[in-house]
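Notes to accompany the following structure.
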Amino acid sequence: MIVLQVNQLYKSYMGDEILSGVKLEVQHRDRVALVGRNGAGKSTLLKIIAGKLSYDSGEIIKPKDIRLGYLDQHAGLESTLSIWEEMMTIFEPLKKLEQTIRTLELKMADSAVYENPDQYAKIMTEYDQLQHDFKERGGYQYEADTRSILHGMQFYPDSYDQKISELSGGQRTRLALAKLLLSKPDLLILDEPTNHLDIETLNWLETFLKSYDGAILIVSHDRYFLDQIVSIVYEVSRHHVNKFTGNYSNYLDQKAKNYERDRKLYEKQQGEKAKLEDFIQKNIVRASTTKLAQSRRKILEKTEWMDSPEGDEKSATFSFEIERQSGNDVLQVNDLTIGYEGIPVSQNIQLHVYRTDRISLVGPNGVGKSTLLKTLIKDESPLSGTIRFGTNVQIGYYDQELAKLDSNKSILKELWDEWPLMNEKDIRTVLGRFLFSGEDVDKIVRDLSGGEKARLALAKLMLQKANFLILDEPTNHLDLDSKEVLENALVDYPGTLLFVSHDRYFINRISTKVVELSHDGTTEYLGDYDYYVEKKHELEEIAAEKQAAMQKPIEIVDQKQKTTQIDKEAKKKIRKVSRRIEEIEQQLSTLDQQIEDIEKMLCDPEIFQNHEKVLELQTQLDDLKEQHEVFELEWLELNEELEKL
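1 is the number of the first residue of the sequence shown in full-length UniProt numbering; add one for each residue after it.
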């Protein structure tokens, strides 16, 4: 069943065309994503469909009985009620229905009614129908559903009586999403629902939406989330909308194939066009061939030539470089306690960062991830513990709030005032690489959108040439294309990274270690996000097994049972040793590659003649070989242990 159909929709604003001839269709239980660059018109299209914005022409068709629910990306619940009271407002019709049922029950208990068979039968019929309706509409489970969704959105029973007006902006946004999910519309329209959600809540939301009984139309810049949820992708590009079947990764594959096809066709057409133009130019003035030339000119004018596949959509182009290399030990954090005004948020934090590490800091909202980063850069003071940076460490910091980008300066002045020795041409060149060109550089910083501020902050970060980047949610405010450009820049970055992100795709692509922060300390995992999830699940299973074993009563077991238990313990030991061997082999492979790269560099004649550079590279090489020997020795010992087992 079709729940939404958009036909030939046009929308312009202040004379600028935003959407042109848009066609879109959503059927029952479809999971549809709208993707495209910032400013392409995704949110505009959602608002038009939701009835929040007018359009110039076209039609939007919805069945009369379809209930539509819409969540704006900047939505935040405003109410004077408590959390629980606000959620219960959704079920007012159900409560009235329940009250009607109770009234009928009182009537049925009335002896006068009972003695009148016709009246009693009429009430019973009405009562049976209302009970059926009450059950079908979830009357017996709406409170349980409410608790389940509030729990998924990290609102627990001890907070149900809290006034919504006392909540933070992020909490009110999560509550607005919770209320919308509870209302169960037939078509759920979500604009950036993953904002303000930590990884645990994102996982819950994915599970919920997969089993959602209605249709979903969603805008999101979270690629991991889109891959898990959607099966249809509509791309908003150059005022038009194109449909792709599959999840986000499938969309990227199809788009790449389409681009290659269109590029070849475009180049072929341009060749034909050039031949026609050349023939016309050479023959139009000759009496003998002027008619032929005029005929070709008509062909040239009437032919609808393809636009370039690249179009006018440009991508930012930048990379992060360093002025000088840091020492091997970049950062040592021991027994650190962080918090505000003497109140601890997290304690017993241990963190050791080595040169070229790429560490992702994860954990639930409110555990202190941003606070830890601010403590490291000395914006906040530690409550206890030690923080020691290594030699030659230069820090570059990216603030997720972009709080320092609030001046009345132009973009050009903002950058130029911090790097006054650069000439204007070079400053404009840098800004151009971040998609600020022409009159854009005269925009006032405080008036910029979130995406524009993010690009300006990254431009500043690039110019610092720091060898240790500390990034707090660097992919916030960035569209999918800009995220990919940032990832590529960080993959090639020769320095060290410590970053907080809820973007699981980003973590998978960048990180070599994941550090989980809790209120009681830190746990380090070697590898990317997928490895972290797998390892954490494995550890939880082991802990559950131990807990179950502790709760079992002490029994007298025979020799056969003892042998079985020994076998289980041996298998566990083998699995543990094998996993550690795999981890070491991964580390050895990485070190081998790094050693090979440096040895190649030392053979380069230009570097070989630079004694300082040779000395620096040789020091790095010695450090890497020393690490390699330590891992190799542990690998040999573990293999011997595995053979004995």
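For each residue, glycine too, the CB sits at the ideal point set by N, CA and C. Keep in mind that this is a model prediction, so the values were computed, not measured.
Item to check | Extent of the continuous alpha helix (DSSP H) to which V485 belongs | outcome: Secondary structure note for V485: its alpha helix (DSSP H) is the uninterrupted segment 480 to 491.
Checklist entry - Helix or strand or just coil, what does DSSP make of K576? => result Correct three-state label for K576: helix.
Item to check | V614, enclosing alpha helix (DSSP H) - first and last residue | outcome: Counting along the chain, the alpha helix (DSSP H) containing V614 begins and ends at 611 to 644.
Next on the checklist: If I measure Cβ to Cβ from T89 and keep anything under 8 Å in the same chain, skipping five residues before and after, which residues do I get?
Outcome noted: These residues qualify, in order along the chain: L81.
Next on the checklist: If I follow the unbroken beta strand (DSSP E) through I18, where does it start and stop?
Outcome noted: For I18, the enclosing beta strand (DSSP E) has its first and last residue at 16 to 27.
Next on the checklist: If distances are taken between C-alpha atoms only, which option among Y259, R261, I299, S288 comes closest to K273?
Outcome noted: Here the closest residue by C-alpha is I299.
Checklist entry - Would you say D357 and T512 are within 8 Å of each other, going by their C-beta atoms? => result In contact: D357 and T512 (Cβ atoms closer than 8 Å).
Item to check | First and last residue of the uninterrupted alpha helix (DSSP H) at I199 | outcome: Start and end: 199 to 210.
Checklist entry - Among residues of its own chain, excluding the 5 on either side of H628, which ones have a beta-carbon nearer than 6 Å to its beta-carbon? => result Cβ contact annotation for H628 (same chain, cutoff 6 Å, sequence separation greater than five): L591, in chain order.
Item to check | Check whether S79 and I164 have beta carbons under 8 Å apart | outcome: By the CB criterion at 8 Å, S79 and I164 fall inside the cutoff.
Checklist entry - How about N334 and T386: are their beta carbons less than 8 Å apart? => result Their beta carbons are under 8 Å apart, which means N334 touches T386 by this criterion.
Next on the checklist: In whole angstroms, give me the CA-to-CA distance for D110 and N116.
Outcome noted: Near 10 Å, if we compare the C-alpha coordinates of N116 and D110.
Item to check | Local Cβ density within 10 Å of P63, reported as buried at 16 or more and exposed below that | outcome: The residue in question, P63, is exposed, as its Cβ has fewer than 16 Cβ neighbours within 10 Å.
Checklist entry - Are the stretch 18 to 32 and the stretch 228 to 245 in contact at 8 Å, needing three or more beta carbon pairs? => result The answer is yes - the stretch 228 to 245 touches the stretch 18 to 32, with three or more Cβ pairs under 8 Å.
Item to check | Through-space distance from D440 to L71, alpha-carbon basis | outcome: Looking at the two C-alpha atoms, the distance is approximately 31 Å.
Checklist entry - Using DSSP with H/G/I as helix, E/B as strand and the rest coil, what is V441? => result In the structure shown, V441 sits in a helix (DSSP, three-state: H, G or I).
Checklist entry - Would you call the CB atoms of T146 and L182 closer than 8 Å? => result Against a cut-off of 8 Å, the Cβ pair of L182 and T146 comes out as a contact.
Checklist entry - Considering only the beta carbon of each residue, do V353 and L331 sit closer than 8 Å? => result The answer is yes: Cβ separation under 8 Å.
Item to check | Proximity of G58 and Q8 at Cβ, strictly below 8 Å | outcome: Cβ distance < 8 Å, so G58 and Q8 count as in contact.
Checklist entry - Taking the DSSP output, what are the residues bridged to F499? => result In the DSSP output, where bridge partners are listed per residue, F499 has S360, L471.
Checklist entry - Is DSSP giving T89 helix, strand or coil here? => result Note: T89 maps to helix in three-state DSSP.
Next on the checklist: Taking a contact to mean a Cβ-Cβ separation below 8 Å, would you say Y505 touches Y259 in this structure?
Outcome noted: Between Y505 and Y259, the C-beta spacing is not below 8 Å.
Checklist entry - For the ligand FAD, is there a heavy atom less than 7 Å away from the beta-carbon of Q586? => result This structure lacks the ligand FAD; in fact it carries no ligand of any kind.
Item to check | Nearest residue (CA-CA) to R378, options Q464, G339, G366, R102 | outcome: Per the sequence presented here, residue 378 reads as Lys, with Arg not at that position. Cα-wise, what sits closest to K378 is G339.
Item to check | Delimiting residues of the beta strand (DSSP E) encompassing D329 | outcome: Residue range 329 to 340 is occupied by the beta strand (DSSP E) that includes D329.
Item to check | Per-residue DSSP class, three states only, for R31 | outcome: If DSSP states are grouped into helix, strand and coil, R31 belongs with the strands.
Checklist entry - Are L458 and F436 close, meaning C-beta to C-beta below 8 Å? => result Between L458 and F436, the CB-CB gap reaches or exceeds 8 Å.
Checklist entry - Sorted by chain position, which residues of the same chain lie with C-beta nearer than 8 Å to P157's C-beta, five sequence neighbours on each side aside? => result Hits under 8 Å: R147.
Next on the checklist: Is it buried or exposed, D528, if we count other Cβ atoms within 10 angstroms and call 16 or more buried?
Outcome noted: Burial call: buried.
Checklist entry - What first and last residue would you give for the beta strand (DSSP E) that runs through T245? => result Counting along the chain, the beta strand (DSSP E) containing T245 begins and ends at 240 to 245.
Checklist entry - Among all the DSSP beta bridges, which residues are the ones paired with G368? => result Partner(s): none; G368 has no beta bridge.
Item to check | Residue environment, A144, which counts as buried when at least 16 other CB atoms sit within 10 Å | outcome: Around the Cβ of A144, a 10 Å sphere holds fewer than 16 other Cβ atoms; the residue is exposed.
Next on the checklist: Relative to the C-alpha of M306, which candidate in T125, Y266, Y248 has its C-alpha closest?
Outcome noted: Just measuring C-alpha positions, the residue of T125, Y266, Y248 sitting nearest M306 is Y266.
Item to check | Distance, L45 Cα to T308 Cα | outcome: The sequence shown places Ser at residue 308, not Thr. Approximately 25 Å between the Cα atoms of the pair.
Checklist entry - Between G451 and I395, what straight-line distance do the alpha-carbon atoms span, to the nearest angstrom? => result Straight-line Cα distance between these residues: approximately 23 Å.
Item to check | Residue nearest to E92 in terms of C-alpha spacing, selected from I66, A50, G139, A543 | outcome: Checked all of I66, A50, G139, A543; the closest Cα to E92 is G139.
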